[in-house]
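Q: Residues 4 to 388, numbered by this note's numbering, are exactly what the sequence shown covers, in order. Below are the structure tokens for one structure; questions will follow.
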Amino acid sequence: MPSRESAAPHDQNYLLRDLEVTPVRFRLNPRAAPPAAGLDATIAAFVRDHPGATMNDLRTYVPGFGEGPYEAARAVLTRLVSTRILVLDGQVPLEELDLRYERVACCDVCGESSATHAVVFWKHNTPVVRCAGCGLLYANPRWKAEYLFGRYTDDYWELYRDKVSATATDPVANQARWDPVLTDLAQALPAGRILDVGCATGEFLLAAQARGWAIQGLESSPIGAEQARQTTSGPIYCGTLEIAPYEDASLDVVTLWDVIEHLQSPRAYLERIARLIRPGGLFALTTPNIRSLPYALLGRDWEIVGPNDHLYYFAPRTLARLLARTGFAIHSMRTQTSGATVWRQWLRRPALQGLAPGLHAVTWPVLDRLLLGDELYVIARRRED
Ligand SMILES: [Zn+2]
Numbered sequence: 004m005p006s007r008e009s010a011a012p013h014d015q016n017y018l019l020r021d022l023e024v025t026p027v028r029f030r031l032n033p034r035a036a037p038p039a040a041g042l043d044a045t046i047a048a049f050v051r052d053h054p055g056a057t058m059n060d061l062r063t064y065v066p067g068f069g070e071g072p073y074e075a076a077r078a079v080l081t082r083l084v085s086t087r088i089l090v091l092d093g094q095v096p097l098e099e100l101d102l103r104y105e106r107v108a109c110c111d112v113c114g115e116s117s118a119t120h121a122v123v124f125w126k127h128n129t130p131v132v133r134c135a136g137c138g139l140l141y142a143n144p145r146w147k148a149e150y151l152f153g154r155y156t157d158d159y160w161e162l163y164r165d166k167v168s169a170t171a172t173d174p175v176a177n178q179a180r181w182d183p184v185l186t187d188l189a190q191a192l193p194a195g196r197i198l199d200v201g202c203a204t205g206e207f208l209l210a211a212q213a214r215g216w217a218i219q220g221l222e223s224s225p226i227g228a229e230q231a232r233q234t235t236s237g238p239i240y241c242g243t244l245e246i247a248p249y250e251d252a253s254l255d256v257v258t259l260w261d262v263i264e265h266l267q268s269p270r271a272y273l274e275r276i277a278r279l280i281r282p283g284g285l286f287a288l289t290t291p292n293i294r295s296l297p298y299a300l301l302g303r304d305w306e307i308v309g310p311n312d313h314l315y316y317f318a319p320r321t322l323a324r325l326l327a328r329t330g331f332a333i334h335s336m337r338t339q340t341s342g343a344t345v346w347r348q349w350l351r352r353p354a355l356q357g358l359a360p361g362l363h364a365v366t367w368p369v370l371d372r373l374l375l376g377d378e379l380y381v382i383a384r385r386r387e388d
């Protein structure tokens, strides 16, 4: 099936688009009579001495096997397997094949061993698996942190600045964008000390400041943090949450907008956030909703699915379980629906595109009532225990 995804220019260094399955290993069949001479005999002897060898090993180390076309080499190995001289011996794990990858040992939400978690789909050469214990979808094996964060280069911030420019340069539009969230927070808790983790260039904090909150921001990118310092008057810490100098129970509210899906361990991160919020304080977050109409319609082609960037795909149930495990009680859980884009993607044909806004208008109230919208939006309270 042709993929409808398209690579943004800044993505190209991060994708290996030619590998959707990992190569197989070969072993010599001990019950077969080995070939007497020729290339077949050399290959059989190499595999006998190197059980688990791959096609790449054979083409690299067996004289005369690596020079010809790949298809011819594959035909030789296929014949040796079909005549039972060689047998297949499993696949090469992705993390052995490509050193940018690491394998996660257990589910971050429920702790079940990842050994039995089946692949749901591949995208960008990375498998997304489902935890058999709690249903969480997550990338495994996945890119190591140093490669993930390599994405947030100057180019990324150029694009991000363009994306937020309409609201960032217009305080009235920015306030209108964030006022519904700030009203939700104010109804649950009078204004106090708020920390936005992953504050990017500071637009949410600017709106919170205008509503009387004492603001602080944390941003790991120096470019984003510097911009946030110019946007707001609150202290902006540039670094990671793990080493940020915040005292335990010192905050009334922590917000985490569209961050959790990028983290190596959401559980460890939320445990840290739980320590920073005073008992009874609030934690608000958003993350894409994998149990949503867009995912049901588009599957892995949905634009938010990109496992070299979004490592975790939460649904209402898995997010609720993670929050309960890390010391939070849910105050409210809703979904948001961003617009008609998903319908346009689903309709495909230009002649049908005009139907997208109508479909969106009819479906979104129902979707949000059933928690099937694009994005989960949760306000949780720090438990007293
Ligand atoms: Zn699980």
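Ideal Cβ positions, reconstructed from N, Cα and C, are used throughout, including at glycine. The model shown is predicted, which means the values in this text are computed figures rather than measured ones.
Going along the chain, which residues of its own chain have a beta-carbon closer than 7 Å to the beta-carbon of arginine 145, five neighbours each way excluded?
A: For the purposes of this step, residue 145 is taken as the residue at position 142 of the sequence shown. So the qualifying residues of the chain are Tyr104, Glu105, Val107, Thr129, Pro310, Leu314.
Q: Cβ atoms of isoleucine 246 and threonine 290: under 7 Å apart, would you say?
A: Looking up residue 290 in the sequence shown gives position 287. Looking up residue 246 in the sequence shown gives position 243. No, Cβ-Cβ distance for threonine 290 and isoleucine 246 is not below 7 Å.
Q: Terminal residues of the continuous alpha helix (DSSP H) containing glycine 41?
A: Numbered from 1 along the sequence shown, position 38 holds the residue referred to as residue 41. Per DSSP, glycine 41 belongs to the alpha helix (DSSP H) from 41-52.
Q: Contact between the segment 273-285 and the segment 293-308: three or more CB pairs below 8 Å?
A: Not touching, per the Cβ criterion.
Q: State yes or no: is the C-beta of valine 1 nearer than 6 Å to some heavy atom of ligand 1?
A: Since the first residue of the chain shown is 4 and the last is 388, residue 1 is not available in this structure.
Q: Pairs of beta-carbons, one from the segment 194-203 and one from the segment 176-184, closer than 8 Å: are there three or more?
A: The segment 194-203 vs the segment 176-184: no contact.
Q: Short of 7 Å in beta carbon distance, which residues of its chain neighbour valine 286, apart from the five on each side in sequence? Order them along the chain.
A: In the sequence shown, counting from the first residue as 1, residue 286 sits at position 283. One point to set straight first is that residue 286 is phenylalanine, not valine, in the sequence displayed. Within the same chain, phenylalanine 286 has close Cβ partners Val257, Ile276, Ile280, Phe331, Ala383, Arg385.
Q: Quick one, which of Tyr298, Ala354, Leu140, Ala78 has its alpha-carbon nearest leucine 42's?
A: Counted from its first residue, the sequence shown places residue 42 at position 39. The candidate whose alpha carbon is nearest that of leucine 42 is Ala78.
Q: Can you list the residues near ligand 1, meaning Cβ strictly closer than 6 Å to any non-hydrogen atom, in the order they appear in the chain?
A: Qualifying residues come out as Cys110, Val112, Cys113, Glu115, Cys134, Gly136, Cys137, Leu139.
Q: Measuring alpha carbon to alpha carbon, tell me which residue in Gly220, Leu266, Thr45 is nearest tyrosine 249.
A: Translated into positions along the sequence shown, residue 249 becomes position 246. Of the listed residues, the one whose Cα sits closest to tyrosine 249 is Gly220.
Q: What's the gap between the Cα of proline 238 and the Cα of alanine 213?
A: Indexing the sequence shown from 1 puts residue 238 at position 235. Indexing the sequence shown from 1 puts residue 213 at position 210. If you take the alpha carbons of proline 238 and alanine 213, they lie about 15 Å apart.
Q: So leucine 296 and leucine 375 are in contact, right, with Cβ under 8 Å, and what is the actual spacing, rounded?
A: The residue given as residue 296 occupies position 293 in the sequence shown. The residue given as residue 375 occupies position 372 in the sequence shown. The pair is a contact, with the Cβ atoms about 5 Å apart (cut-off 8 Å).
Q: May I ask you to list the residues that DSSP assigns as paired with methionine 336?
A: Numbered from 1 along the sequence shown, position 333 holds the residue referred to as residue 336. Paired residues: Val381.
Q: Near serine 117, what residues of its chain come up, given a Cβ to Cβ distance below 8 Å and the 5 sequence neighbours on each side ignored?
A: Reading the sequence shown from its first residue, position 114 is the one you call residue 117. Excluding positions up to five away in sequence, the list reads Arg106, Val107, Ala108, Cys109, Cys110, Val132, Cys134, Asn143.
Q: Tell me whether glutamate 161 sits in a helix, a strand or coil according to DSSP, three-state version.
A: Reading the sequence shown from its first residue, position 158 is the one you call residue 161. Helix.
Q: Which partner residues of lysine 147 appear in the DSSP bridge assignment?
A: Locating residue 147 in the sequence shown gives position 144, counting from the first residue. None; lysine 147 has no bridge partner.
Q: Excluding the five sequence neighbours on either side, which residues of its own chain have a C-beta within less than 6 Å of the C-beta of valine 381, listed in chain order?
A: Indexing the sequence shown from 1 puts residue 381 at position 378. For valine 381, where only same-chain residues beyond five positions count, the Cβ hits under 6 Å are Leu288, Met336.
Q: Measure from the alpha carbon of leucine 192 to the alpha carbon of each residue in Lys126, Thr321, Pro225, His334, then state which is nearest.
A: Along the sequence shown, read from residue 1 onward, the residue named residue 192 stands at position 189. Leucine 192 has its Cα closest to that of His334, out of Lys126, Thr321, Pro225, His334.
Q: Kindly indicate the opening and closing residues of the beta strand (DSSP E) around tryptophan 305.
A: Here residue 305 is taken as the residue at index 302 of the sequence shown, counted from 1. Unbroken run through tryptophan 305: none, as it is neither H nor E.
Q: Considering only DSSP beta bridges, list what glycine 220 is partnered with.
A: Taking the sequence shown and counting its residues from 1, the one referred to as residue 220 is at position 217. In DSSP, glycine 220 forms a bridge with Asp199, Ile239.
Q: Specify, as a first and last residue, the run of the beta strand (DSSP E) that leucine 185 falls within.
A: Looking up residue 185 in the sequence shown gives position 182. It is not in any beta strand (DSSP E) - leucine 185 instead sits in the alpha helix (DSSP H) that spans 174-191.
Q: Please classify histidine 13: does DSSP put it in a helix, a strand, or coil?
A: For the purposes of this step, residue 13 is identified with residue 10 of the sequence shown, where counting begins at 1. With a pLDDT of 34 at histidine 13, under the threshold of 50, the predicted position of this residue should be treated as unreliable, and no value is reported.
Q: Would you mind working out which of Ala47, Glu99, Gly342 sits nearest proline 26, comparing C-alpha positions?
A: Within the sequence shown, numbered from 1, the residue matching residue 26 stands at position 23. For the residues Ala47, Glu99, Gly342, the minimum Cα distance to proline 26 belongs to Glu99.
Q: Shortest alpha-carbon distance to valine 1 belongs to which of Ala359, Gln339, Gln356?
A: Residue 1 falls outside the range modelled here, since the chain spans only 4 to 388, and no answer is possible.
Q: Just the C-alpha distance for threonine 243 and serine 224, rounded to the nearest angstrom, thanks.
A: In the sequence shown, counting from the first residue as 1, residue 243 sits at position 240. In the sequence shown, counting from the first residue as 1, residue 224 sits at position 221. Each residue's Cα considered, the two are about 9 Å apart.
Q: If you compare alpha carbons, which of Val90, Gly67, Leu139 is closest to threonine 57?
A: What you label residue 57 is simply residue 54 of the sequence shown in a count that begins at 1. Per the Cα distances, Val90.
Q: Drop a sphere of 10 angstroms on the beta-carbon of asparagine 59, count the other beta-carbons inside from all chains shown, and report buried for 16 or more, exposed for fewer.
A: Here residue 59 refers to the residue found at position 56 of the sequence shown. Result: exposed.
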